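Structure record follows, encoded as structure tokens.
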Amino acid sequence: MIGGVGVEAAAARTGQGPRRGFRAITPRVWGALLIIYVIWGSTYLAIREAVQTIPPFLMASARFLVAGAGLYVWAIRKGEVEGDRPGRKQWLAATIAGGLLLAGGNGGVVWAERHIPTGVTALVIATVPLWMVIVGWAWARERVGLREALGVAVGFGGLILLIGAPDGRTIHLVGVLAALVGAMCWATGSVYSKRAPLPRRPLVSTAMQMLGGGALLAILGIATGELGDIHPDRISLNSILGLAYLIVFGSLVAFTAYVWLLQNVRISLVATYAYVNPVVAVFLGWAFLSERITWVTALAGGIILVAVALIVSANQKAPPAPGPGPVPSSDQPRRAPA
Numbered sequence: 291m292i293g294g295v296g297v298e299a300a301a302a303r304t305g306q307g308p309r310r311g312f313r314a315i316t317p318r319v320w321g322a323l324l325i326i327y328v329i330w331g332s333t334y335l336a337i338r339e340a341v342q343t344i345p346p347f348l349m350a351s352a353r354f355l356v357a358g359a360g361l362y363v364w365a366i367r368k369g370e371v372e373g374d375r376p377g378r379k380q381w382l383a384a385t386i387a388g389g390l391l392l393a394g395g396n397g398g399v400v401w402a403e404r405h406i407p408t409g410v411t412a413l414v415i416a417t418v419p420l421w422m423v424i425v426g427w428a429w430a431r432e433r434v435g436l437r438e439a440l441g442v443a444v445g446f447g448g449l450i451l452l453i454g455a456p457d458g459r460t461i462h463l464v465g466v467l468a469a470l471v472g473a474m475c476w477a478t479g480s481v482y483s484k485r486a487p488l489p490r491r492p493l494v495s496t497a498m499q500m501l502g503g504g505a506l507l508a509i510l511g512i513a514t515g516e517l518g519d520i521h522p523d524r525i526s527l528n529s530i531l532g533l534a535y536l537i538v539f540g541s542l543v544a545f546t547a548y549v550w551l552l553q554n555v556r557i558s559l560v561a562t563y564a565y566v567n568p569v570v571a572v573f574l575g576w577a578f579l580s581e582r583i584t585w586v587t588a589l590a591g592g593i594i595l596v597a598v599a600l601i602v603s604a605n606q607k608a609p610p611a612p613g614p615g616p617v618p619s620s621d622q623p624r625r626a627p628a
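What follows is the structure, given as structure tokens:
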């Protein structure tokens, strides 16, 4: 999750969504797709390593404050500087969006990964499109079509199977609940960010959301007593490498590739990461952490991915509409990277 940081809405708002003159599927396109497939799928493994010896909320705070500061310094001078200068209103909106997407969304993920397997976390987070349909209908009165409604029903069936079917596993229900709260927060933040007065430049907007969310994660970590859990002499090399991977690759490299893809290829191709990331996460959890892949995990994961496919394909049929940008936000892939 949660490496794109609301870029779907930002791209739509700024007019930097997919162009009509799309690139062919060149080696460069495949390279960018491979980056978001593998890196965003592997962030679940990196998070698990990072939170082994670093408190989860403060770890996530460091990730987004460092990445956000670097991105902001680089991006603030790009584009229409005078006509799109961030003010108090933009910073407040970015903090609210970052709080929902990162403090709530990513915070739920990092806390959950201390209690449930990375593969299960990834599959729970894959339900974000379901929650986006529900939040969009309840909050913004967005129209829900038959295919989306079917996708929500199928997805919740898969989620219930993942959590409740007896197959010899012991599922930490509070950990699953934390991941679900993270998915709901990400969905709510995504709906909010579509209408929030954020900067039009997606890189600037994302950097501001990282800074706002990172600051709130720091407050959350301090409030829950994580400062007392920091012992520099006990922080492992694996945790340091995991955090560095999340900052450099999860929050910067993959995000850059994602924005470039949004601008140059069809959204239906970009959206395929929503199906690939959970598979990568489950495989890496099995390969490196010896996490079991049971028949319930495989079946429930397949059902959830079918539900995501139904929802994403329904939104890809939406015609371009006037408004914040040439491509409506609902036409963006509804899935959050870790």
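Counting in the numbering used here, the sequence shown runs from 291 upward without gaps. All residues carry an ideal CB built from backbone N, CA and C; glycine is no exception. Since the structure is predicted, the reported quantities are computational estimates derived from the model, not experimental observations.
- Per the Cβ contact rule, the region 430-444 is not in contact with the region 345-362 (fewer than 3 Cβ pairs under 8 Å).
- With a cutoff of 8 Å on beta-carbon distance, L533 and A352 are scored as near each other.
- Relative to the Cα of I594, the nearest Cα in the group A497, D523, C475 and I450 belongs to I450.
- In this structure, DSSP gives A561 a state outside helix and strand, which the three-state scheme calls coil.
- Under the three-state reduction of DSSP output, T316 falls in the coil class, being neither helix nor strand.
- Membership of T546 in the alpha helix (DSSP H) is indicated by the continuous run A544 to N554.
- With a contact defined as Cβ atoms closer than 8 Å, A473 and V423 miss out at about 12 Å.
- The beta carbon of A402 sits closer than 6 Å to the beta carbons of T411, G465, A468 and A469 from its chain, once the five residues preceding and following it are set aside; these are given in chain order.
- Spanning the alpha carbons of A597 and A439 requires a straight line of approximately 10 Å.
- The continuous alpha helix (DSSP H) containing T411 extends over residues T408 to I415.
- Sorting G373, L390, V400 and W330 by C-alpha distance to the C-alpha of A340 places V400 at the top.
- E581 sits in coil when the DSSP states are folded into three classes, being neither helix nor strand.
- The DSSP-derived three-state label of G515 is coil.
- Between G540 and A336, the gap from beta carbon to beta carbon is short of 8 Å.
- Of the residues G518, L579, G503 and Y482, the one whose Cα lies closest to the Cα of N528 is L579.
- For E438, the enclosing alpha helix (DSSP H) has its first and last residue at L436 to G454.
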